[in-house]
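Novice:
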Amino acid sequence: KFKERDDKYEIFFGETKNVKVGFVLCKINNESINNRTVINDQNVLEYLENKENYPLHLTFAKLRPSVNEKIMMASMLHSMYAISIQISPIKNSSGIKMLQCDSFRLYCEQSLTGVKFIIITSPFYDIDITQTFSFLHKVYADYALKNPFYTLEMPIRYLF
C-alpha cells in the first residue's frame, strides 16, 4: 500500500526482500514519476489500478531525508551526545565515539572548539577513523573558517 508524501508515493504497508516500508515509487516501466503522474500525465494510482497496463516494472528507492529531518536527527544526536557525557561513569568522558547498527556505523568526534564531525559508513567498511577526522578538521579549518561567507554553527557542504 502507498501513501502520499512530498509528491511521491511511499510504501507504508507490506514489504519484500528488496523493497521495504519507507521506500518510494520512482519509475513505472522505466518512465519517471513527476508530480504523482506518469505516462501521458496519468495519475500513478489510476495507472496502477488499470489492468490493461500490466505487466508492470516498478522501480523503488529509499527516500532521502528532508532538510527538516536532517536537522531533527542532528539535534537528537547532539542531545544524546550531551547526555552520554553526563551519565558516563568515566570522568571527563568524551561522549559518543561510535554508534553501530545493522545498516550503518556512525562516528562522532568533537573538536576543541565544539564543532562535531560526523561520519556515517557501511558496517562492513573499515577505515582509519583517526586519520579521517584529522583530515576533516584540516579541511574545516581551510575551507570553512577562511571563507568570508561562512557563518559559524551552519552546515558545511564539501564534496570530496
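Residue numbers (our numbering): 4 to 163. Quick reminder that beta carbons are idealized off the backbone N, C-alpha and C, glycines included. Owing to the predicted nature of the structure, the values given are computational and were not obtained by experimental measurement.
To the nearest whole angstrom, what separates the beta carbons of Ser87 and Ile99, a pair I think is in contact under 8 Å?
Specialist: Your numbering for residue 87 matches position 84 in the sequence shown. Your numbering for residue 99 matches position 96 in the sequence shown. About 5 Å; that satisfies the 8 Å criterion.
Novice: Per DSSP, what are the beta-bridge partners of Lys30 in this structure?
Specialist: The residue labelled residue 30 in the question sits at position 27 within the sequence shown. Ser35, Thr62.
Novice: To the nearest angstrom, how far is the alpha carbon of Asn46 from that of Pro68?
Specialist: In the sequence shown, the residue the question calls residue 46 occupies position 43. In the sequence shown, the residue the question calls residue 68 occupies position 65. Those two C-alpha atoms are separated by around 25 Å.
Novice: Is DSSP giving Ile121 helix, strand or coil here?
Specialist: Position 118 of the sequence shown, counted from the first residue, corresponds to residue 121. Reduced to three states, the DSSP call for Ile121 is strand.
Novice: At what residues does the alpha helix (DSSP H) containing Tyr110 begin and finish?
Specialist: For this step, residue 110 is matched to residue 107 along the sequence shown. No alpha helix (DSSP H) holds Tyr110; the beta strand (DSSP E) holding it covers 108–113.
Novice: Report the three-state DSSP secondary structure of Ile90 (helix, strand or coil).
Specialist: Taking the first residue of the sequence shown as position 1, residue 90 is located at position 87. Residue state, collapsed to three classes: helix.
Novice: My output table needs one value for Asn71: the three-state DSSP class, helix, strand or coil.
Specialist: For the purposes of this step, residue 71 is identified with residue 68 of the sequence shown, where counting begins at 1. In the displayed model, Asn71 falls within a helix according to three-state DSSP.
Novice: With DSSP as the reference, please indicate the residues paired to Lys149 in a beta bridge.
Specialist: Locating residue 149 in the sequence shown gives position 146, counting from the first residue. Beta-bridge pairing links Lys149 to no other residue.
Novice: With DSSP as the reference, label Thr116 as helix, strand or coil.
Specialist: If you number the sequence shown from 1, residue 116 lands on position 113. It is coil, neither helix nor strand.
Novice: Identify the residues that DSSP records as bridge partners of Asn46: which are they?
Specialist: Here the question's residue 46 lines up with position 43 in the sequence shown. BP columns for Asn46 point to Thr40.
Novice: By the three-class DSSP mapping on this structure, what secondary structure does Glu156 have?
Specialist: To locate residue 156, count along the sequence shown from 1; it is residue 153. Three-state DSSP puts Glu156 in coil, outside helix and strand.
Novice: Between the C-alpha atoms of Thr124 and Phe15, what's the straight-line distance to the nearest angstrom?
Specialist: To locate residue 124, count along the sequence shown from 1; it is residue 121. To locate residue 15, count along the sequence shown from 1; it is residue 12. Each residue's alpha carbon lies about 26 Å from the other.
Novice: Taking DSSP as the reference, what is the three-state secondary structure of Lys6?
Specialist: Within the sequence shown, the letter at position 3 stands for residue 6. Here Lys6 sits in strand by DSSP.
Novice: For Met101, list the residues DSSP reports as bridge partners.
Specialist: For this step, residue 101 is matched to residue 98 along the sequence shown. DSSP, once it has assigned bridges, lists Tyr110 as partnering Met101.
Novice: Would you call Ile31 buried or exposed, if buried means 16 or more other Cβ atoms sit within 10 Å of its Cβ?
Specialist: By one-based count along the sequence shown, residue 31 stands at place 28. Buried, by the Cβ-count rule.
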